[in-house]
Amino acid sequence: MTFAELWRELEPIGRDPQTGGYRRYSWTPADAACRAWFTGQATKRGLTVETDNNGNLWARWGPKTAGAIATGSHLDSVPDGGAFDGPLGVVSALAAVDLLKEKTFSPERPVVLAAFTEEEGARFGVPCLGSRLLTGAVDPDVARVLTDDAGTTLADAMIAAGLDPGFLGPRDDLLDGIGAFVELHVEQGRALAPQGAALGLAEGIWPHGRWRFDFTGRADHAGTARLADRRDPMLPYAATALAARQAAADHGAVATFGKLIVEPNGTNAVPSAVRAWLDARAPDEATVADTVTAIRAAAEGLAEDHGITLSVRQESFTPLVRFDQALRDRIAAALAAAGIEAPVLPTAAGHDAGILATRIPTAMLFVRNPTGVSHSPAEHADLADCEAGVRALAAVLEDLAG
Ligand code: HGY
Ligand code: MN
Ligand code: MN
Numbered sequence: 000m001t002f003a004e005l006w007r008e009l010e011p012i013g014r015d016p017q018t019g020g021y022r023r024y025s026w027t028p029a030d031a032a033c034r035a036w037f038t039g040q041a042t043k044r045g046l047t048v049e050t051d052n053n054g055n056l057w058a059r060w061g062p063k064t065a066g067a068i069a070t071g072s073h074l075d076s077v078p079d080g081g082a083f084d085g086p087l088g089v090v091s092a093l094a095a096v097d098l099l100k101e102k103t104f105s106p107e108r109p110v111v112l113a114a115f116t117e118e119e120g121a122r123f124g125v126p127c128l129g130s131r132l133l134t135g136a137v138d139p140d141v142a143r144v145l146t147d148d149a150g151t152t153l154a155d156a157m158i159a160a161g162l163d164p165g166f167l168g169p170r171d172d173l174l175d176g177i178g179a180f181v182e183l184h185v186e187q188g189r190a191l192a193p194q195g196a197a198l199g200l201a202e203g204i205w206p207h208g209r210w211r212f213d214f215t216g217r218a219d220h221a222g223t224a225r226l227a228d229r230r231d232p233m234l235p236y237a238a239t240a241l242a243a244r245q246a247a248a249d250h251g252a253v254a255t256f257g258k259l260i261v262e263p264n265g266t267n268a269v270p271s272a273v274r275a276w277l278d279a280r281a282p283d284e285a286t287v288a289d290t291v292t293a294i295r296a297a298a299e300g301l302a303e304d305h306g307i308t309l310s311v312r313q314e315s316f317t318p319l320v321r322f323d324q325a326l327r328d329r330i331a332a333a334l335a336a337a338g339i340e341a342p343v344l345p346t347a348a349g350h351d352a353g354i355l356a357t358r359i360p361t362a363m364l365f366v367r368n369p370t371g372v373s374h375s376p377a378e379h380a381d382l383a384d385c386e387a388g389v390r391a392l393a394a395v396l397e398d399l400a401g
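Residues 0 to 401 in numbering that gives the first Met the number 0 are what the sequence shown spells out, letter by letter.
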């Protein structure tokens, strides 16, 4: 099948008709449909598919020996995310296998296609949860009790999807069998277009993390509560959101409050609580820490001014990632031999490749995003560039697994 044919099959799954954005949250029916599609396509190609104890999908082509070359990405999305973030890497991997089969390439080392679960952390709050569990970066007991906004735990969601959360945990045996992991991903940001390049290689990933701010005040009547008597948590939150923007600008970082839960969320009620999630990122860990410290200090002062109690908790952190230089150089050489130039780019977006980089040589291939927009229904990559990505990935797999 061509990339376009594969893409057309997956594209409608989990897309919201109103917004055009995707709601492929892990362990939901949309996620199950994506998994079933991937499993069907891989099986059709003679690959053996299995779901590991953490819910990650693996499809193996070739001998059951060690030193596998793994490629893939994720199928889950942020709320109303775009079509390409994650699925581009999974669909391109299937299309690359087709290209290699057409030229009667048969791998001397296993080629394994992977789809990691809960990469966005959109439902349970911890990004790259599947790859973090696989590498031991997250404690299974902590993971089991992660809850979504409706209060459903990861354990219950997995049970409802037919898996046993009792088996969550690190898999050194799986990791020891992988020689390298190459993730193809849509570019997030706009560095390739100005250079006229269809493809790029990742240098590393900025350190980044997520913090939960709980502002607790006192519910009251929006009409009858005197201003002087109020303990309104919305006020210190609102000022903290502005302070976060200022702190990011002051430190050369980025900081975002993108998720907010107001309780009880009534138009005519002073809120009892405001729960806000901060995403902060910077080129180095000290700058992330300084930025978050400044935001937290502002929030504490504002909470005090308004008689509000505040708690702040770090929910995830990913240290600076530097991808394996030797692997990147080898990939660059394989691409050059195929007549493909790919500039090396830093990124502030997290990926499973960044988590796996702590345990195995990993690399990332970026496909040009003409606008740079991501985590939005407007996210886009041109078909010609996606096809160039498939050709590049096939050349890389042929070189590494040949
Ligand atoms: O948040 C990120 O950087 C990635 O999209 N999970
Ligand atoms: Mn993403
Ligand atoms: Mn992604």
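Each residue gets a CB set at the ideal place from its N, CA and C atoms; glycine is no exception.
Just so you know, these numbers come straight off a predicted model, no measurement behind them.
Have a look at the options and flag the residue whose alpha-carbon is nearest the alpha-carbon of residue i.
i	options	result
H305	A272, W210, E119	A272
H73	A41, S130, M233	S130
G80	A387, D384, H379	H379
A448	K258, R23, D231	The structure shown does not extend to residue 448, since the chain is modelled only from 0 to 401, so the question has no answer here.
L5	L396, E386, A400, A391	E386
Y24	R274, L191, M157	M157
R44	A254, E101, G401	E101
G120	K258, A192, P16	K258
A325	L128, L399, D381, A237	L399
N368	G195, G19, T42	G195
T64	V110, S375, G161	V110
P270	P282, T215, A237, W205	T215
G265	D219, S375, A190, E284	D219
M0	A95, D381, P193, R321	A95
A82	G20, R217, R244, D283	G20
H207	P193, D323, T255	T255
D15	S375, A154, D381	S375
R274	I260, D283, P282	I260
A92	G54, G222, D328, R59	R59
A352	G88, Q17, D51	G88
Could you have a look at residue i and say whether DSSP puts it in helix, strand or coil?
i	result
T255	strand
I12	coil
Q426	Residue 426 is absent from the model: the chain starts at 0 and stops at 401.
H207	strand
Y24	coil
S91	helix
S271	coil
R280	strand
P78	coil
D213	strand
D147	coil
T346	strand
T1	coil
T266	coil
R230	strand
E107	coil
Return yes when the Cβ of residue j is within less than 8 Å of the Cβ of residue i, no when it is not.
i	j	result
L56	A113	yes
A394	A341	no
A297	T239	yes
V389	L98	yes
P126	G168	no
I307	P235	yes
A29	G13	yes
H250	D289	yes
A252	V287	yes
P78	R7	no
F2	E397	no
V366	E186	yes
G203	L319	yes
G176	A67	yes
P106	G165	no
P373	D84	Per the sequence shown, residue 373 should be read as Ser rather than Pro. Contact flag set, yes.
A243	I294	yes
Between which two residues does the alpha helix (DSSP H) holding residue i run?
i	result
V141	139–143
T239	233–250
I339	Element bounds for I339: n/a, residue is neither H nor E.
G129	128–134
V111	Counting along the chain, V111 falls outside any alpha helix (DSSP H), though it belongs to the beta strand (DSSP E) covering 110–115.
G71	No alpha helix (DSSP H) contains G71, which is instead part of the beta strand (DSSP E) from 67–73.
V395	382–400
Span of the beta strand (DSSP E) holding residue i?
i	result
Q313	308–317
M363	361–366
R59	56–60
T47	47–50
Is residue i close to chain D, meaning its C-beta is less than 8 Å from at least one C-beta of that chain?
i	result
A337	Looking at the structure shown, chain D is missing, and only one protein chain is on hand.
Does the Cβ of residue i lie closer than 7 Å to at least one heavy atom of ligand 5?
i	result
P126	Judged by which ligands are present, ligand 5 is missing from the structure shown, whose ligands are ligand 1, ligand 2 and ligand 3.
ask   = Is it a yes or a no for the segment 353–360 touching the segment 171–183, going by three-plus beta-carbon pairs under 8 Å?
value = yes
query = Between the segment 344–352 and the segment 137–156, do three or more beta carbon pairs fall short of 8 Å?
reply = no
Three or more C-beta pairs below 8 Å linking the segment 308–322 and the segment 209–220 = yes
query = Looking at C-beta atoms only, is the number of pairs between the segment 276–283 and the segment 224–232 that lie closer than 8 Å three or more?
reply = no
ask   = So does the segment 119–137 actually touch the segment 185–200, counting three or more Cβ pairs closer than 8 Å?
value = no
inquiry  = Does the segment 58–77 come into contact with the segment 23–43, if we say contact requires no fewer than three beta-carbon pairs (one atom in each stretch) closer than 8 Å?
reply    = yes
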